[in-house]
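Participant: Please find one structure pasted underneath; my questions will follow.
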Ligand code: NDP
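Numbering (the working numbering), first residue to last: 1355 to 1812.
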C-alpha cells in the first residue's frame, strides 16, 4: 500500500482550513497545514472580527449623542484612531496565537509558506515536497477591483484597518455587504462618507423592503449615498483623490477610495492545472456534493469554491469533509450540510438580519404567500432623539403556514435573527410564532405579535 507523509494536507489556514485540520487531527489523522500569512485567514485578520470591532467602535458615536436624552450631559469624547488600531492589532494577534496553539495541541504540523500542488497527492512548500492521501484547498478569496482609470489609487477592505492617517473624506464604491458595512463604520468613526453604487438599490439579492429601508436609514446617519452611479476615473490632485463619475454627476474629492466590488477565489499560483483540478468560468474550484474536486483525492471548501461566502458556511463544510474522510466523532452521525435558511447579518448602522426567502424569491417559489410587515420607532428612541426606525418582515407560505422569510433592519438584528433561524430550520409555522409569548419590552417581540398580513396571496 502507498504510504504518505500525511493523511490530510490542508492548503490555507482560514476558518475552514483550520477547522478541518484541527478536527481531522483530533480524529487521529496525520495532518499538515500550509499558510503563508497569519493564521485565521480573512475572517480573523481582515474580515469579520476586526470589522465587527470597528463597528462596535463606530456605534459609540451615536451612543454618546443619544445619551443626552437620557440625562447624560457633557461633551462626547473624541476618537483616538491610533489607539483603536493598536487595540485591534493586539486582539487579532492574540487570536492568531490561539489558532496556532489549537493546531499545535491537536498535533497538526504547521508549514509556513506558499503551497503549490504538484500532482494528485503531492504539495510543494518552498523547497519541500509533502505527499498526502487527501489534500484540502481552503485558500479563500480576495478583493477584486475593476480596471477603472486610476485604479492604482484605490484601497480594498484589506487596507482599511490600518489606514494612516484616518481618512476624513472617504468614497466607498459598491453596494454589497462590505461596501455598506465600511460606509457605516467609517461614517460612525467620523469620516465624511460618500458611497456610490451602480444599481438603483443597495444589497442585490436582499428583500426589496430591506434594500430601500437600509438606504434611507444609512442616509439619516450621514452617509452620502449615490445610487445608479459609476466611477469614470480617479486621479491624484493636490487636494486629494479626485473621482469623476459617469453620466455627468459631480466629481468627488476624497482622501481615500475603497473599492468593495466583490471577491474572487484565491487560486493563482496553486498549481491547479498541474494537478488537473477544474475551475468554473468565475475561477472558483468546482466541487461535487462531497466537496471533492475533479481530482478524487483533492477537496475544496469555503470561499475558494465561491458558493456562499460566509465563515460559518466554511466551518460547516469543513466538518462534513472531516466526517467523510475520517469518520464522525464518537457516538455521532456523519454531518451533512444544508444550505437552506442560512441566517446572515450585514453590520450596517443599523444592522440587517435576514433568514430565508426575500419576498420576490418567496413569490417565485410558493403559490401563495402572506406578508407581515412592521416599521416602528424603537422604545429607546422615544428619548434618544434619534430618528432611526426598525423594519421587521415575515413571509409565510400559505399552503403550509410555514414562515419562510424573516427580515429585520434595526439594532442588534444579527443577534435577534440568529434565534429565529433555529425556529425556521425546525419548520416553525406562523401559528407557532403567534402562540409564542413575547419578551416585553423588546423590539424582537414584534416578530411574534404581527397579526394581520399587509399583503396576501399571489
Ligand atoms: P458583494 O458581492 O456582496 O457586493 C459586490 C458589490 O459590488 C455589489 O454591489 C455589486 O453590484 C458591485 N460591483 C461588482 N462589480 C462592480 C463593478 N465592476 N463596478 C461597480 N460595482 C460593482 O461583495 P462584497 O465584496 O461586498 O462581499 C463579498 C462576500 O463576502 C459577500 O457576498 C458575503 O458573502 C461576504 N461577506 C459577509 C459579511 C457578513 O456576513 N456580514 C461581511 C462582508 C462580506 P451589483 O449588486 O450590481 O452586482
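Glycine included, each C-beta is placed from N, C-alpha and C at the ideal position.
1. Among all the DSSP beta bridges, which residues are the ones paired with residue 1759?
2. Which residues in the same chain have their Cβ closer than 8 angstroms to the Cβ of residue 1623, if we skip the five residues on either side of it in sequence?
3. Which residue wins for smallest C-alpha separation from residue 1705, given the options 1368, 1413, 1372?
4. Taking contact to mean 3 or more Cβ pairs, one atom from each stretch, closer than 8 angstroms, check whether the segment 1480–1487 and the segment 1419–1435 are in contact.
5. Just reading off the beta strand (DSSP E) that residue 1767 is part of, what are its end residues?
6. Give me the pocket residues for the ligand NDP, defined as CB within less than 5 angstroms of any heavy atom, sorted by chain position.
7. Buried or exposed, going by whether 16 or more other CB atoms sit within 10 Å of the CB of residue 1626?
8. When you compare each of 1383, 1395, 1498, 1472 to residue 1460 by their alpha carbons, which one comes out closest?
9. Roughly how many whole angstroms lie between the Cα atoms of residue 1674 and residue 1387?
10. Keeping to the same chain, check which residues put their C-beta closer than 6 angstroms to that of residue 1503; ignore five residues upstream and five downstream.
11. In this structure, what does DSSP give as the bridge partners for residue 1489?
12. Can you tell which of 1381, 1653, 1529 has its C-alpha closest to the C-alpha of residue 1688?
13. Taking residue 1505 as part of the beta strand (DSSP E), name the residues at either end of that continuous run.
14. Pull up the DSSP beta-bridge partners for residue 1482, would you.
15. Which residue spans inside the segment 1407–1438 form an unbroken beta strand (DSSP E) run of at least 3?
16. Taking the alpha-carbon positions, what's the residue 1550 to residue 1581 distance?
17. Nearest to residue 1408 by CA position, among 1377, 1385, 1445, 1422, is which residue?
18. Assign residue 1603 to one of three DSSP states: helix, strand, or coil.
19. Kindly indicate the opening and closing residues of the alpha helix (DSSP H) around residue 1788.
20. Taking the continuous alpha helix (DSSP H) assigned at residue 1369, which residues delimit it?
21. Three Cβ pairs or more, each shorter than 8 angstroms: is that satisfied between the segment 1363–1382 and the segment 1496–1512?
22. Mind the definition here: the segment 1630–1643 touches the segment 1524–1544 only if three or more C-beta pairs lie below 8 angstroms; say whether that holds.
23. Give the range of the alpha helix (DSSP H) segment to which residue 1573 is assigned.
24. Does the contact criterion of 3 or more C-beta pairs under 8 angstroms hold for the segment 1678–1694 versus the segment 1747–1758?
25. Since residue 1724 is in the beta strand (DSSP E), which residue starts that stretch and which ends it?
26. Would you decide whether residue 1663 is buried or exposed? Buried here means 16 or more other CB atoms lie within 10 Å of its CB.
27. Taking one C-beta from the segment 1603–1612 and one from the segment 1522–1529 each time, how about it: are there three or more such pairs within less than 8 angstroms?
28. Pop quiz: residue 1615 and residue 1498 are said to be a contact at Cβ under 8 angstroms. What is the actual Cβ separation, rounded to whole angstroms?
29. Just to confirm the assignment, what range does the alpha helix (DSSP H) spanning residue 1672 have?
30. Just how far apart, CA to CA, sit residue 1752 and residue 1784?
31. Only counting the same chain, and skipping five residues up and downstream in sequence, which positions put a Cβ closer than 6 angstroms to that of residue 1676?
32. Using the three-state DSSP reduction, which class does residue 1455 fall into: helix, strand or coil?
33. Whole angstroms is fine: what's the gap from residue 1439's alpha carbon to residue 1519's?
34. Look at the alpha carbon of residue 1402 and the alpha carbon of residue 1513, and state the distance between them as a whole number of angstroms.
35. One question on the structure: do residue 1668 and residue 1369 come within less than 9 angstroms of each other, judged by their Cβ atoms?
Facilitator: From the atom records:
1. 1710, 1749
2. 1468, 1470
3. 1413
4. no
5. From DSSP, residue 1767 is part of no beta strand (DSSP E) but of the alpha helix (DSSP H) over 1767–1779.
6. 1500, 1528, 1529, 1530, 1531, 1532, 1552, 1553, 1558, 1614, 1615, 1616, 1617, 1663
7. buried
8. 1383
9. 18 angstroms
10. 1587
11. 1363, 1652
12. 1381
13. No beta strand (DSSP E) contains residue 1505, which DSSP labels as neither H nor E.
14. 1479
15. none
16. 6 angstroms
17. 1445
18. coil
19. 1784–1789
20. 1369–1380
21. no
22. no
23. 1562–1575
24. no
25. 1723–1730
26. buried
27. yes
28. 6 angstroms
29. 1665–1680
30. 10 angstroms
31. 1374, 1377, 1378
32. helix
33. 11 angstroms
34. 14 angstroms
35. yes
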